[in-house]
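Numbering-wise, the working numbering comes out as the position in the sequence shown, counting from 1, plus 82.
Beta carbons: idealized from backbone N, C-alpha and C, even for Gly.
In this text, all values refer to a predicted model and were calculated from it rather than measured experimentally.
One structure is given below, encoded as structure tokens.
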Amino acid sequence: MWTDRAEDPPRFSRRWFRRVAADFRRERAAFGLRSTLREFAFRAIHHVVSFKVLRGIYLAGADARFTECPTGFTGGFLDSETLERVSLDRRYDLPPEFVSEALGRGDACYGVLDGDRVVSYGWYTHAPTKINDDLWLHFDQAYVYRYKGLTLEPYRGRRFHAITMARTLDAWRARGYRGMLAYVEANNLSSLKSVYRLGYETFGRVFILRILRRHLIFNSPGCKAFGFRVVAERRRARSRAWTWGAALGRWMLAPLFAGSDGDRRGTGR
Numbered sequence: 083m084w085t086d087r088a089e090d091p092p093r094f095s096r097r098w099f100r101r102v103a104a105d106f107r108r109e110r111a112a113f114g115l116r117s118t119l120r121e122f123a124f125r126a127i128h129h130v131v132s133f134k135v136l137r138g139i140y141l142a143g144a145d146a147r148f149t150e151c152p153t154g155f156t157g158g159f160l161d162s163e164t165l166e167r168v169s170l171d172r173r174y175d176l177p178p179e180f181v182s183e184a185l186g187r188g189d190a191c192y193g194v195l196d197g198d199r200v201v202s203y204g205w206y207t208h209a210p211t212k213i214n215d216d217l218w219l220h221f222d223q224a225y226v227y228r229y230k231g232l233t234l235e236p237y238r239g240r241r242f243h244a245i246t247m248a249r250t251l252d253a254w255r256a257r258g259y260r261g262m263l264a265y266v267e268a269n270n271l272s273s274l275k276s277v278y279r280l281g282y283e284t285f286g287r288v289f290i291l292r293i294l295r296r297h298l299i300f301n302s303p304g305c306k307a308f309g310f311r312v313v314a315e316r317r318r319a320r321s322r323a324w325t326w327g328a329a330l331g332r333w334m335l336a337p338l339f340a341g342s343d344g345d346r347r348g349t350g351r
């Protein structure tokens with residue numbers, strides 16, 4: 083997923099509870115206890131039933147404005163020593179175990195540096211990738227998938243995320259890859275505007291309905307050309323009723339969203 087901020091901590095972890103408590107205090111101060119309780123009730127429902135739409139996007143050629151680093155900054159793939167160093171700084175949201183696992187898979191991280199300080203980074207992989215606790219993203223390995231990125235707070239607003247993607251695209255194409263893939267949640271309009279400005283185009287959508295810990299997933303026809311699909315991790319054998327229900331749901335969703343891939347650019351559609 084394309085992002086320019088720290089990812090949410092794992093649900094029910096200590097960091098997750100601290101964030102929930104901080105959110106509650108902040109919203110109570112701003113909106114009062116009654117409104118805050120109502121909002122958190124809706125959030126609780128969302129943990130039981132949720133629906134999201136992911137826009138699959140690809141980049142085959144980047145805007146030339148983003149291929150050069152600003153004066154005083156440098157860019158390049160980060161070595162293991164640099165990544166181990168930044169993993170000790172919580173601002174980067176790169177726990178040591180994440181870095182070790184990613185490098186072990188052969189993933190690469192490109193960064194923009196201010197002197198020796200990493201100010202922005204993005205991770206890239208060529209293999210199926212876990213996008214949350216239950217879902218995996220698969221894609222055609224003729225492409226590279228960008229799955230994690232962050233810019234430090236003091237450097238945001240200077241388009242460093244676009245610079246990292248534009249510069250890495252040239253590097254991957256030189257190695258024989260066709261381009262870069264990513265996804266953005268369809269309601270994240272600011273991120274969509276940013277990636278379209280760089281040159282990304284939408285090729286398809288993934289519709290995900292979650293009820294408790296069960297997922298009903300529909301990958302739109304446009305995803306097929308890129309081998310782009312989201313699949314649920316199989317935790318245990320599903321009941322026959324759920325299997326038939328999921329198949330029926332996909333059959334009903336298909337004609338509803340079959341024409342949705344025609345919109346390749348723009349955030350307001």
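Every beta strand (DSSP E) of 3 residues or more that sits fully in the segment 176-263 is shown, in chain order, as 190-196, 199-207, 217-220 and 226-233. Residue pairing from DSSP places Y265 in a beta bridge opposite G138. Note: V288 is bridge-paired with L136 and N301 in the DSSP secondary-structure output. Proximity of the segment 242-251 to the segment 142-160 meets the contact definition, three or more beta-carbon pairs being nearer than 8 Å. Between V181 and Y206, the C-beta spacing is not below 7 Å.
Residue environment: G231 is assigned as buried (16 or more neighbouring CB atoms within 10 Å of its CB, all protein chains considered). Closest option to I290, judged by alpha-carbon separation, among C305, L115 and L298: L298. The distance from the Cβ of S302 to that of R287 is about 5 Å, consistent with a contact at the 8 Å cut-off.
Between the segment 111-129 and the segment 271-278, the count of C-beta pairs closer than 8 Å stays below three; the two stretches do not touch. In the structure shown, the three-state DSSP call for R296 is strand. Residue pairing by DSSP places E283 opposite Y140 in a beta bridge. The Cβ atoms of D198 and F155 do not sit closer than 7 Å to each other. With respect to the C-alpha of H243, the residue from Y278, F310, C305 and F106 having the closest C-alpha is Y278. With fewer than 16 neighbouring CB atoms inside 10 Å of its own CB, L119 falls in the exposed class. Taking a cut-off of 8 Å on C-beta distances, the segment 105-119 does not touch the segment 255-274, as fewer than three cross pairs fall below it. Under the 10 Å beta carbon count, W254 is surrounded by 16 or more other beta carbons and is classified as buried. R316 sits in coil when the DSSP states are folded into three classes, being neither helix nor strand.
The secondary-structure analysis by DSSP pairs G309 with nothing; it has no beta-bridge partner. Closest option to S162, judged by alpha-carbon separation, among D175, P236, E183 and A307: E183. When secondary structure is reduced to three states using DSSP, F94 falls in the coil class, being assigned neither helix nor strand. Within the same chain, and ignoring the five residues on either side of Q223 in sequence, the residues whose Cβ sits closer than 6 Å to its Cβ are H208.
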